[in-house]
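First comes the structure, then the notes that go with it.
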Amino acid sequence: MPLTFNDGIFEDINRENEKWQKKLEKVFEARPERLPRFSTVSDLEIGRLYTPADIKNQDFMRDIGFPGDAPFTRGVQPSMYRGRLWTMRMFAGLGSAKDTNKRFHLLVNQGQTGLSTAFDMPTLMGYDTDSPKARGECGKCGVAIDTLKDMEDLFEGLPIDKITTSMTINPPASVIWAMYIAMAEKRGIDRKVLGGTIQNDMLKEFIAQKTFMCPPVPSVRIITDTVEFGTKEVPRWNTISISGYHIREAGSTAVQELAFTLGDGIAYTEEAMKRGLDVDDFAPRFSFFFNSHLDFFEEVAKFRAARRMWGKIMKERFKAKDPRSWWLRFHTQTAGCSLTAQQPYNNVVRTAFQALAAVMGGTQSLHTNSLDEVLAIPTEEAATIALRTQQVIAEESGVANTIDPLGGSYFVEALTNRMEEEAFEIIEKIDNMGGMLSAIEKNYPQQEIADAAYHYQRQIDDKEKTVVGVNKYVTEEDIPVEILEIDEELESLQMEKTNRIKNERDNSRVKACLERVGEACSGDRNVMEDLIDAVKAHATLQEVCDVYRKVYGEYRDPGIY
Amino acid sequence: MKQKRRVRVMVAKPGLDGHDRGARIIARAYRDAGFEVVYTGLHQTPEEIVEAAIQEDVDMIGMSSLAGAHRYLFPAVVQLLRDRGADDIVVCGGGIIPEDDIAKLKAAGVQEVFTPGTPLDEIVRWVEENVSPR
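These protein sequences, in sequence, are chains D and U. Just add 14 to the spot in the first sequence (first one is 1) and you have my numbering. No gaps in the numbering here: position 44 of the second sequence is 37 in my numbering, and each next residue is one more.
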């Protein structure tokens, strides 16, 4: 039986609403509204007041329901934070593997519950530190990983059979994951017990984050190899984290973030099914990653809509039967792009509100940005404040004590419905273009995001949107914050380390391993076992990635603006 | 009467950093302001940037970096321009550049550094006032 609001009440509500609006107009004649137009940070226009009439077609069981059950609007787990809080997972990576290991230990000792690794740019792009393309970049915005030895140093003394690790890596994700598995096996840990996530989302790289190596089609083939291998060999691992975070950071609206992320998820599902995998065998290990931006209600609505949409996509489009395939489990990071170098302590406040929205939206895992992240890699003190922000929300604010506290708010439900509707319209457009890969080749998402980013920047410049400390409440004097400096000497030390390994290893074994990787890439054999063998023989990250580049060619940025 | 050529600006992304939101916004703002714009796209080496700037005969190079490698990359571009005898091309930078580095970059020959929060019109005005066709 549909549990909707009784139609009879809407006439009354609308009549009362009209009376109220008339009264209000007189008030505004004397003292006008604060802004000519009210809209979210994504520029969705917002009404003065929401009433049951704004959700009049809502069917409680169909659209809202109960946590742990379809449509999952209120959460994927029945108990949500009543049982267990979200995983507090701060992103860390700086300088050498040993430096980063020290930061990992610090964060775990401060109460962080999961690890999250940031790699430096050469590692992210599949280059070793000694590549001419890597000059000046070593360890700057993450940790440098060239060989298995670096991976071993990175996780030294950490219980990787008990703690889960997220690794933000994309084009060389298969290689880095092979190193992680190899490291675990050398410690005597079975790959079957390993838990964690590799980001491994290349479609979003072409759309937004722009870390790429090979063209889209072979990039997706390698990802599908990891999905297939994970399903069979590393069953507790999330082989892909379908990421809207970077789409939003590149300047998309919240609706675009939702549509392009779920659109990418559709593409990966299609590719894995083409490989002959059963959707219920791999879909439960897909995870998602969203941004939590400044507009509180828009973000809460986005998270709620995302869960409802993915459940529908899995059930209706892909006919998944296992309820775990319907779950959209997600990690959230607060919006790096919203932080300001001006008055940097305000960033603590921004991050707290964004983290609160993520929690109200039911995230499974959260990374809060540090106040100095707009200037450099966080200092220990700044990272600790960011972690404490989560702990205060979790254990002092009381917001985690009931499930989906904003469910039923006329505004939040109306906004959730609207975001779902608009995002599905974009997904339909992508379907009509022949799917996400083809939409990317046509530069459709890239251009849409560039337009949105430019629009937002103009709104800031024209003071239509306020950024405290930047275009309003500006102060003249600089507020000093401590900046973490990465030692420039690290580059040569890291090169020496890698060279030493190259000199000590069995080069004929490395060569044979790399040939096997090349054969797998040019043929149909899943590449993962060959990768694990290659990294165990101490092949470097770049040596393996050069095989990818040689077999598949390199992708060049089309330079859309 | 000889018509004055429009200012040609190259927007470049040196290094491996993929954060191109700012670079693309600036490229569009320059285009809207009536400049001729060449956008290199991502992942350019200093050598590639200088080569392209000379080939394209630009009056200014605006570089963006958000991943901390500006200390090496920006001065490398300035030096290569000098080596090629093209140091009349104005070089500017932007992105996540700590305050302490700005003076060092300027000492190395980077003429201006624009940090986040600078309105687009201000950046455009700076070009109008400081760059003329070579």
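Ideal placement from N, C-alpha and C gives every residue a C-beta, glycine not left out. Model, not experiment: these values are computed from the prediction.
Those residues which DSSP pairs with residue i across a bridge
i, result
"K246(D)", "Note: K246(D) sits in no beta bridge, so no partner."
"P77(U)", "The sequence shown places Arg at residue 77(U), not Pro. Note: R77(U) sits in no beta bridge, so no partner."
"R127(U)", "According to DSSP, which records beta bridges pairwise, R127(U) is partnered with nothing at all."
"Q37(U)", "P7(U)"
"G379(D)", "A quick correction: the sequence has Ser, not Gly, at residue 379(D). The partner list for S379(D) (beta bridge, DSSP) reads T101(D), H345(D)."
"K486(D)", "V482(D)"
"T211(D)", "S180(D), N252(D)"
"S53(D)", "E59(D)"
"V41(D)", "According to DSSP, which records beta bridges pairwise, V41(D) is partnered with nothing at all."
Where residue i sits in the DSSP three-state scheme
i, result
"S188(D)", "helix"
"C351(D)", "helix"
"W34(D)", "helix"
"E59(D)", "strand"
"M56(U)", "strand"
"C559(D)", "helix"
"Y32(U)", "strand"
"E181(D)", "In the sequence as displayed, the identity of residue 181(D) is Met instead of Glu. Three-state DSSP puts M181(D) in a strand."
"S384(D)", "coil"
"I493(D)", "coil"
"I256(D)", "strand"
"F80(D)", "coil"
"V2(U)", "strand"
"N305(D)", "strand"
"A106(D)", "strand"
"D73(D)", "strand"
"V157(D)", "strand"
"M(-6)(U)", "Since pLDDT at M(-6)(U) reaches only 48, below the 50 mark, its modelled position is unreliable, and the value read off the structure follows with that caveat. Looking at M(-6)(U) - three-state DSSP - the assignment turns out to be coil, as it is neither helix nor strand."
Range of the contiguous beta strand (DSSP E) that encloses residue i
i, result
"R523(D)", "Premise fails: R523(D) lies in the alpha helix (DSSP H), 521 to 536, not in any beta strand (DSSP E)."
"R403(D)", "Sequence check: residue 403(D) is Thr here, not Arg. Taken as a continuous stretch (DSSP letters only), T403(D) belongs to no beta strand (DSSP E), being part of the alpha helix (DSSP H) at 394 to 409."
"R149(D)", "That residue, R149(D), is in no beta strand (DSSP E); it is neither H nor E in DSSP."
"E105(U)", "105 to 107"
"S339(D)", "Counting along the chain, S339(D) falls outside any beta strand (DSSP E), though it belongs to the alpha helix (DSSP H) covering 337 to 340."
Cutoff 8 Å; reference residue i; Cβ partners in own chain excluding five residues on either side
i, result
"I407(D)", "A366, A369, L370, V373, V413, A414"
"K206(D)", "E247, V248, P249, R250"
"D167(D)", "S110, A111, K112, N115"
"V293(D)", "T283, A286, M287, M328, F332, K333, A334, S339"
"Q461(D)", "I574"
"E394(D)", "R117, L120"
Buried/exposed call for residue i, threshold 16 Cβ in 10 Å
i, result
"G29(D)", "Per the sequence shown, the amino acid found at residue 29(D) is Arg instead of Gly. R29(D) comes out exposed."
"T489(D)", "exposed"
"M3(U)", "buried"
"T178(D)", "buried"
"L49(D)", "exposed"
"Y575(D)", "buried"
"S125(U)", "exposed"
"T240(D)", "buried"
"T480(D)", "exposed"
"W341(D)", "buried"
"Y470(D)", "buried"
"F52(D)", "exposed"
"F42(D)", "exposed"
"V541(D)", "buried"
"D52(U)", "buried"
Cutoff 6 Å; reference residue i; Cβ partners in own chain excluding five residues on either side
i, result
"T554(D)", "D142, D160, T161"
"D544(D)", "R530, V531, A534"
"A273(D)", "A437, I440, I441"
"Y23(U)", "V2, V30"
Residue-chain proximity (residue i, chain C), Cβ-Cβ < 7 Å
i, result
"R17(U)", "The displayed structure is made up of protein chains D and U, and chain C is not among them."
Contacts around residue i, its chain only, beta-carbon distance under 7 Å, and the 5 residues preceding and following it disregarded
i, result
"Q598(D)", "Not covered by the structure: residue 598(D). The range shown for chain D is 15 to 575."
"I203(D)", "I174, D175"
"R318(D)", "T87, G375, T430"
Limits of the alpha helix (DSSP H) - the one that residue i falls within
i, result
"V363(D)", "360 to 374"
"E312(D)", "310 to 326"
"V84(U)", "No alpha helix (DSSP H) contains V84(U), which is instead part of the beta strand (DSSP E) from 83 to 88."
"D132(D)", "Rather than Asp, the amino acid found at residue 132(D) in this sequence is Ala. Note, A132(D): premise wrong, no alpha helix (DSSP H); beta strand (DSSP E) at 129 to 132."
"N513(D)", "504 to 518"
"D25(U)", "14 to 25"
"L451(D)", "450 to 455"
"V90(D)", "Here V90(D) belongs to no alpha helix (DSSP H), and DSSP marks it neither H nor E."
"P298(D)", "Note, P298(D): premise wrong, no alpha helix (DSSP H); not H, not E."
"I221(D)", "No alpha helix (DSSP H) holds I221(D); DSSP gives it neither H nor E."
"Y468(D)", "458 to 475"
"R117(D)", "111 to 123"
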